[in-house]
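>
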Amino acid sequence: VDMPIASAVLALLDGHITAPDALAMLMGREPTSEAEF
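Add 7 to the 1-based position in the sequence shown for the working numbering, that's all there is to it.
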């Protein structure tokens, strides 16, 4: 299961990325269908 928001928050809290970097990472993702199984 891909959980990009959780991954970004963890990286942010661990100090690996900044908040603007986390936002850019999340907003730069390709859209996916929520119905994919």
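Idealized CB from N, CA, C, for every residue including glycine.
Only a predicted model underlies this, so the values are computations on that prediction, with no experimental measurement involved.
For Leu17 and Pro11, what's the separation of their Cα atoms in angstroms?
Taking the straight line from one Cα to the other gives about 10 Å.
> Measure the alpha-carbon distance for Ala13 versus Thr39 and round it to whole angstroms.
Spanning the two alpha carbons is a distance of roughly 17 Å.
> Helix, strand or coil: how does DSSP classify Ser14 here?
Three-state DSSP puts Ser14 in a helix.
> I need the straight-line Cα distance from Ala15 to Gly35, nearest angstrom please.
Taking the straight line from one Cα to the other gives about 12 Å.
> Out of curiosity, what's the CA-to-CA distance linking Glu37 and Asp9?
Taking the straight line joining both Cα atoms gives about 13 Å.
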